[in-house]
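Novice: The following block contains the structure, expressed as structure tokens.
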Amino acid sequence: MPLFILAVVIFIIADIVIRMVGKRMTEQKQKKEREIVLTESLKLDFTNEAKTLKRAEVENPKAKILCVDDEEVILGSFRKILVLDGYSVDTVETGQEALGLIQKHHYDFLFTDLKMPLMDGVEVCKSVKHLRPDIDVIIITGYASVETAVETMKYGALDYVQKPFTEDELIAFVQKSLIKRQDKIQKQLKPKVHITHVPASDDFTQGEFAIPGGVFIAKNHTWVSMNQAGIAKIGIDDFAKKLIGRVYSVELPNLGMNVKAGQPLFTIKQGNRSITFNSPVSGKVSQINTILKDNIEALDVTPYERNWVCALDAENLDNEIKGMHIGKSAVSFFQEDIEKFKSVFTEIMKSEKKADEYLEEGLFIGQLEKLNDVNWNKVIAEFFVR
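Printed below as a string of structure tokens:
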């Protein structure tokens, strides 16, 4: 028996060693391939695209980066450091060349020096965000220009990196920026609405708006699902949940409480803010979903199905559902309110001098969380208290 245990231990250790050696060999091979790419790509002639363009492409890059700086030593550092870390990198020495390239190629990031002749980093940033708002711009700046670099944030720059920088500092900065970009993309919403027939499916977590088949949508973005006994389950719809964002808790109504359509029914809380949703139907509260008390995060998966807030023994359904939407009518209602929301939000951003920032980001999950209390209450009154 001891020999068997010893054999097992030796086998496990050998397996770990083999895996570690294999991983190290793979990493070394990958590094060697990237070094070859870095050397060979610089020998190619890209002057037909941009006079000073130097391109280093790797297989399956973490991201594609365009860097513009009038100092070749800085561009050389970007290529060497980032290519070896798994990024594809194009470099040019003028802003004009950079603008030409972004109209022909896909890039995730554009790094631009702040102080350059002819076209400085501020102008490059403005132009890139106008031509390609999907590209994240990062400013390269010296210590003396940090204040100006911060100022470019209002033109849509994602961040700034200060030079001189070490290899580790640049790698860590780009990795952080990549995570920030991926998080932003994940939260972005497409102004598309569709009906789903799959309970608690991925339709609710992806960047689109969904409505389950057979569910009625009220004008204040609550949903109603009814059974043959006249019991109406009620919750908040996908439009409300996605644009409100994080829900910290829900204040449930009292069992047995009588309520008329249009009267307060339940309250959703987000920090020190709260939204009271009026009841879409009249009746007596017969059930409350206590599961939401312990697991409010369930709403992040889907605001429908099992994540209803309360149920009413409805007394006037036949008349009250006439003012609600179902099927294609619900989709049209969502689409109208999405367009209306975009218009209202743009005006708010203009009043806060942040219109360019909104135009860049579009719709995204938790959009209301960005607003101050005055504008937050304005949007709530416009869409959810009606």
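Using this note's numbering, you'd call the opening residue of the sequence shown number -7 and step up by one each time.
Note that the Cβ used here is the ideal one computed from N, Cα and C, for glycine as well.
Small disclaimer: the values here were computed from a predicted structure and weren't measured.
Under 8 angstroms: do the segment 168 to 186 and the segment 323 to 336 share three or more Cβ pairs, one atom per stretch?
Specialist: Because the criterion of three Cβ pairs below 8 angstroms is met, the segment 168 to 186 and the segment 323 to 336 touch.
Novice: Closer than 6 angstroms by C-beta to Ile260: which residues in its own chain qualify, once you throw out the five before and the five after it? Chain order, please.
Specialist: Indexing the sequence shown from 1 puts residue 260 at position 268. For Ile260, where only same-chain residues beyond five positions count, the Cβ hits under 6 angstroms are Val239, Val242, Ile267.
Novice: I want to know whether the segment 137 to 150 touches the segment 45 to 55 - three or more CB-CB distances under 8 angstroms.
Specialist: In short, these stretches do not touch, since the Cβ pair count stays below three.
Novice: Reducing DSSP to helix, strand and coil, say where Gln220 ends up.
Specialist: By one-based count along the sequence shown, residue 220 stands at place 228. Looking at Gln220 - three-state DSSP - the assignment turns out to be coil, as it is neither helix nor strand.
Novice: Unbroken alpha helix (DSSP H) runs of length 4 or more, entirely within the segment 285 to 320: which are they?
Specialist: As far as the segment 285 to 320 is concerned, its whole alpha helix (DSSP H) runs of at least 4 residues are 290 to 293, 309 to 312.
Novice: So Cys302 packs on Pro256, CB below 8 angstroms; how close in whole Å?
Specialist: Counted from its first residue, the sequence shown places residue 302 at position 310. Counted from its first residue, the sequence shown places residue 256 at position 264. Not confirmed; about 12 angstroms, so no contact.
Novice: Any chance you could list the alpha helix (DSSP H) runs of at least 4 consecutive residues sitting entirely within the segment 210 to 260, in chain order?
Specialist: Counting only runs of 4 or more, we get 230 to 236.
Novice: Between the alpha carbons of Phe337 and Glu64, how many angstroms are there, rounded?
Specialist: Position 345 of the sequence shown, counted from the first residue, corresponds to residue 337. Position 72 of the sequence shown, counted from the first residue, corresponds to residue 64. Their Cα atoms are separated by approximately 43 angstroms.
Novice: What first and last residue would you give for the beta strand (DSSP E) that runs through Thr140?
Specialist: In the sequence shown, residue 140 corresponds to position 148, counting from 1. Thr140 -> not in any beta strand (DSSP E); alpha helix (DSSP H) instead, spanning 138 to 143.
Novice: Span of the alpha helix (DSSP H) holding Gly92?
Specialist: Within the sequence shown, residue 92 is the residue found at index 100, counting from 1. 87 to 94 is the extent of the alpha helix (DSSP H) around Gly92.
Novice: Kindly indicate which three-state DSSP category Ser80 falls into: helix, strand or coil?
Specialist: As a first step, residue 80 must be located in the sequence shown, where it is residue number 88. Note: Ser80 maps to strand in three-state DSSP.
Novice: Given Ile94, which residues of its chain have a CB within under 8 angstroms of its CB, disregarding the five upstream and five downstream residues?
Specialist: Within the sequence shown, residue 94 is the residue found at index 102, counting from 1. The residues are Leu58, Leu102, Val120, Leu123, Arg124, Ile127.
Novice: Please name the residue, chosen from Gly263, Glu115, Gln359, that lies closest to Ala141 on a Cα-to-Cα basis.
Specialist: Looking up residue 141 in the sequence shown gives position 149. For the residues Gly263, Glu115, Gln359, the minimum Cα distance to Ala141 belongs to Glu115.
Novice: Does the pairing of the segment 152 to 167 with the segment 205 to 224 give three or more beta-carbon distances under 8 angstroms?
Specialist: The answer is no - the segment 205 to 224 does not touch the segment 152 to 167, with fewer than three Cβ pairs under 8 angstroms.
Novice: On the premise that Tyr79 lies in contact with Pro109, defined as a C-beta separation below 8 angstroms, what is that separation, rounded to the nearest angstrom?
Specialist: Counting from 1 along the sequence shown, the entry for residue 109 is found at position 117. Counting from 1 along the sequence shown, the entry for residue 79 is found at position 87. Between Tyr79 and Pro109 the Cβ distance is about 27 angstroms, and since that is not below 8 angstroms, they are no contact.
Novice: Is it true that the CB of Leu170 sits closer than 7 angstroms to the CB of Ala55?
Specialist: For the purposes of this step, residue 55 is taken as residue 63 along the sequence shown, with counting starting at 1. For the purposes of this step, residue 170 is taken as residue 178 along the sequence shown, with counting starting at 1. Yes, the pair counts as a contact, with Cβ atoms nearer than the cut-off.
Novice: Got a sec? Which residues, its chain only, sit under 6 angstroms from Ser278 by beta carbon, not counting five neighbours each side?
Specialist: One-based indexing of the sequence shown puts residue 278 at position 286. Around Ser278: Ala303, Asp305.
Novice: Exposed or buried, Glu204, counting other C-beta atoms within 10 Å across all chains shown (16 or more means buried)?
Specialist: The residue given as residue 204 occupies position 212 in the sequence shown. The question names Glu, yet the displayed sequence has Pro at residue 204. So Pro204 ends up on the buried side.
Novice: Looking at the secondary structure, which residues open and close the alpha helix (DSSP H) in which Arg265 lies?
Specialist: Mapped onto the sequence shown, residue 265 falls at position 273. Arg265 -> not in any alpha helix (DSSP H); beta strand (DSSP E) instead, spanning 265 to 270.
Novice: Would His98 be called buried (16 or more neighbouring beta carbons within 10 Å of its own) or exposed?
Specialist: Walking along the sequence shown from the start, residue 98 turns up at place 106. With fewer than 16 Cβ atoms within 10 Å of its Cβ, His98 is classed as exposed.
Novice: Quick check: the Cα distance between Val75 and Lys96, rounded to an integer number of angstroms?
Specialist: As a working mapping, residue 75 is identified with position 83 in the sequence shown. As a working mapping, residue 96 is identified with position 104 in the sequence shown. Their Cα atoms are separated by approximately 21 angstroms.
Novice: Using the C-alpha atoms, what's the distance from Met341 back to Lys146?
Specialist: Taking the sequence shown and counting its residues from 1, one reaches residue 146 at position 154. Taking the sequence shown and counting its residues from 1, one reaches residue 341 at position 349. Straight-line Cα distance between these residues: approximately 12 angstroms.
Novice: Over the uninterrupted alpha helix (DSSP H) stretch that includes Ile127, give me the two end residues.
Specialist: Translated into the one-based positions of the sequence shown, residue 127 becomes position 135. From DSSP, Ile127 is part of no alpha helix (DSSP H); its letter is neither H nor E.
Novice: Can you tell me whether Asp175 is buried or exposed? The criterion is at least 16 other CB atoms within 10 Å of its CB, across all chains shown.
Specialist: The sequence position of residue 175 within the sequence shown is 183, counting from 1. When all chains shown are included, Asp175 counts as exposed.
Novice: Just how far apart, CA to CA, sit Ser193 and Phe201?
Specialist: Reading the sequence shown from its first residue, position 201 is the one you call residue 193. Reading the sequence shown from its first residue, position 209 is the one you call residue 201. Bear in mind that the predicted position of Ser193 carries a pLDDT of just 44, short of 50, making it too unreliable to give a figure here.
Novice: Return yes when the Cβ of Ala90 is within less than 7 angstroms of the Cβ of Val129, no when it is not.
Specialist: Against the sequence shown, residue 129 aligns to sequence position 137. Against the sequence shown, residue 90 aligns to sequence position 98. Their beta carbons are not under 7 angstroms apart, which means Val129 does not touch Ala90 by this criterion.
Novice: How far does the beta strand (DSSP E) with Ala149 in it extend, from its first residue to its last?
Specialist: Position 157 of the sequence shown, counted from the start, is the residue given in the question as residue 149. Element bounds for Ala149: n/a, residue is neither H nor E.
Novice: Residues bridged to Phe103 by DSSP?
Specialist: Within the sequence shown, numbered from 1, the residue matching residue 103 stands at position 111. Per DSSP, Cys59, Ile130.
Novice: Can you check DSSP and say which residues form a bridge with Val185?
Specialist: Along the sequence shown, one-based indexing puts residue 185 at 193. DSSP, once it has assigned bridges, lists Phe201 as partnering Val185.
Novice: If you reduce the DSSP assignment to three classes, tell me which class Ser278 lands in.
Specialist: The residue you call residue 278 lines up with position 286 of the sequence shown. Strand.
Novice: Does the Cβ-Cβ distance between Met235 and Gln359 come in under 7 angstroms?
Specialist: The residue you call residue 235 lines up with position 243 of the sequence shown. The residue you call residue 359 lines up with position 367 of the sequence shown. Looking at the sequence shown, residue 235 is not Met but Leu. Contact: yes.
Novice: Can you tell me which of the three DSSP states Lys46 falls into?
Specialist: To locate residue 46, count along the sequence shown from 1; it is residue 54. Three-state result, Lys46: strand.
Novice: What's the gap between the Cα of Ala210 and the Cα of Trp368?
Specialist: Locating residue 210 in the sequence shown gives position 218, counting from the first residue. Locating residue 368 in the sequence shown gives position 376, counting from the first residue. Approximately 21 angstroms, taken between the alpha carbons.
Novice: Can you check DSSP and say which residues form a bridge with Phe70?
Specialist: Taking the first residue of the sequence shown as 1, we reach residue 70 at position 78. Bridge partners of Phe70: none, in fact.
Novice: How far does the alpha helix (DSSP H) with Asn367 in it extend, from its first residue to its last?
Specialist: Position 375 of the sequence shown, counting from 1, holds the residue named residue 367. 365 to 375 is the extent of the alpha helix (DSSP H) around Asn367.
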